[in-house]
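What the sequence shown shows, in this note's numbering, is residues 232 to 553, in sequence order.
Ideal placement from N, C-alpha and C gives every residue a C-beta, glycine not left out.
Note that the structure is predicted; figures quoted are calculated from it, not measured.
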Amino acid sequence: MKSLTLKKNLKSNVDYKKVISKAAVALFRYAMLIAVGFTVLSPLFEIISNSLKNADDFMNTSVAWIPTTFFYQNYIDAFNVMEYGKSFFNTVAVMVLSAFLEVAACGVAAYGFARFKFPERKILYALLLITILVPVRMTFLAQYVNFRNFDFFGITSLIGNIIGKDLSINLINTPFTFVLPSLFGVGYQSGLFIMIYIQFLKGIPKELEEAAWIDGAGPIGTFVRIIVPSSSVAILTVTILSIIWHWNEYYLTALYFNENQPLAVVLSGIMNLIKLRGGEAINSHTGVAMAGCMLFILPVLIMYLILQKKFIKSIDSVGIVG
């Protein structure tokens, strides 16, 4: 009896230690998640807090996160100063349209790299890697010159030399500076998107395409009927990344657009716009600037909140790391 009682006590002690260890691990896990979550979200919380402060709250050192009064006028002033409706339309018409065109064009290019063997494949693949490695800031001057004096395969210059006139086209301040590269699969971050597609397409069984070929489908029919429906995960990943990166792109948009500027360029100069259009009538310049930041990120934030579950699953499927 004593030995049986001793065994029960030892077992209860072991179970007690397991419970304590599991509780400690869970507590550590939640503490890490809270710390990382606060680190990531604290800038957003600070923007929201500052966007609702008036000038007195910014001068009051006792006000940190919660304003004394929620000053919603900052959002109205930011909406008017940024001409938000016009700027939002310019962003959708240029950047979002370019993002969708890039998703489609990169998918076609990746299908060619992943499924077809041709003599120039290795050379083109090396050039694809170079487009990923070389930053945009090393090629922006050449791109600007090309768009400033656009010559379609040398045809316009040839005709111009014959008739004695300069027929080059100026594409600056037009959507074509982003639409044309995206349409031909050489737009903003196109190299990375093609690599994501290639990584995913390698996992699709070739037997599906062979069955389609037996049924009489050609390369285009196979791509539309087999590859596209099977690549919804990769398409979602590339679409979200493309929209977010095009939406946030400031450097090239500031270079190409002096008129009808997208939101990223308008937001970068919001303090000057406040002084120019609002002046002393605006209560808090900093509060209006923070409200402008919220108006800028809100559409993309809503899109991500709606698609975040599918996006996280798609990231695991296409093998993106880092």
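State the CB to CB distance for the pair residue i and residue j, rounded to an integer number of angstroms; the pair is presumed to be in contact (CB under 8 Å).
{"i": "I429", "j": "F331", "result": "At roughly 20 Å, the Cβ-Cβ gap does not stay under 8 Å, so I429 and F331 are not in contact."}
{"i": "S329", "j": "S413", "result": "4 Å"}
{"i": "S282", "j": "G518", "result": "6 Å"}
Which residue or residues does DSSP assign as beta-bridge partners of residue i?
{"i": "F381", "result": "I400"}
For residue i, does the count of other Cβ atoms within 10 angstroms reach 16, so buried, or fall short, so exposed?
{"i": "Q539", "result": "exposed"}
{"i": "W296", "result": "exposed"}
{"i": "T322", "result": "buried"}
{"i": "T370", "result": "exposed"}
{"i": "A254", "result": "exposed"}
{"i": "L483", "result": "buried"}
{"i": "D308", "result": "buried"}
{"i": "M290", "result": "exposed"}
{"i": "N377", "result": "exposed"}
{"i": "T453", "result": "buried"}
{"i": "D288", "result": "buried"}
{"i": "F488", "result": "buried"}
{"i": "K437", "result": "exposed"}
{"i": "V250", "result": "exposed"}
{"i": "N503", "result": "exposed"}
{"i": "G449", "result": "exposed"}
{"i": "N285", "result": "buried"}
{"i": "I393", "result": "exposed"}
{"i": "L235", "result": "Annotation note: pLDDT 48 at L235 (below 50); position unreliable, coordinate value reported separately. Exposed, since its Cβ has fewer than 16 Cβ neighbours within 10 Å."}
{"i": "I505", "result": "buried"}
{"i": "F276", "result": "exposed"}
{"i": "I471", "result": "buried"}
{"i": "L359", "result": "buried"}
In this structure, does DSSP put residue i in helix, strand or coil?
{"i": "W562", "result": "In the structure displayed, the chain extends from 232 to 553; residue 562 sits before or after that span and is not available."}
{"i": "A295", "result": "coil"}
{"i": "N285", "result": "coil"}
{"i": "T470", "result": "helix"}
{"i": "K540", "result": "helix"}
{"i": "I354", "result": "helix"}
{"i": "G449", "result": "coil"}
{"i": "F424", "result": "helix"}
{"i": "P412", "result": "helix"}
{"i": "K248", "result": "helix"}
{"i": "G500", "result": "coil"}
{"i": "M326", "result": "helix"}
{"i": "K433", "result": "coil"}
{"i": "T387", "result": "helix"}
{"i": "T517", "result": "helix"}
{"i": "K348", "result": "coil"}
{"i": "G418", "result": "coil"}
{"i": "N321", "result": "helix"}
What do you reckon, are the CB atoms on residue i and residue j nearer than 9 Å?
{"i": "V271", "j": "F409", "result": "no"}
{"i": "A590", "j": "N305", "result": "There is simply no residue 590 to check, as the chain begins at 232 and stops at 553 in what is shown."}
{"i": "E314", "j": "S473", "result": "no"}
{"i": "L439", "j": "S461", "result": "yes"}
{"i": "E480", "j": "N404", "result": "no"}
{"i": "W478", "j": "V327", "result": "yes"}
{"i": "L411", "j": "L402", "result": "yes"}
{"i": "F302", "j": "S463", "result": "no"}
{"i": "A485", "j": "V496", "result": "yes"}
{"i": "I425", "j": "G434", "result": "no"}
{"i": "S293", "j": "Q492", "result": "no"}
{"i": "F381", "j": "S399", "result": "yes"}
{"i": "M525", "j": "I278", "result": "yes"}
{"i": "I475", "j": "Y535", "result": "yes"}
{"i": "I427", "j": "A520", "result": "no"}
{"i": "R456", "j": "N311", "result": "no"}
{"i": "A336", "j": "G418", "result": "yes"}
{"i": "L432", "j": "I458", "result": "yes"}
{"i": "P298", "j": "S280", "result": "yes"}
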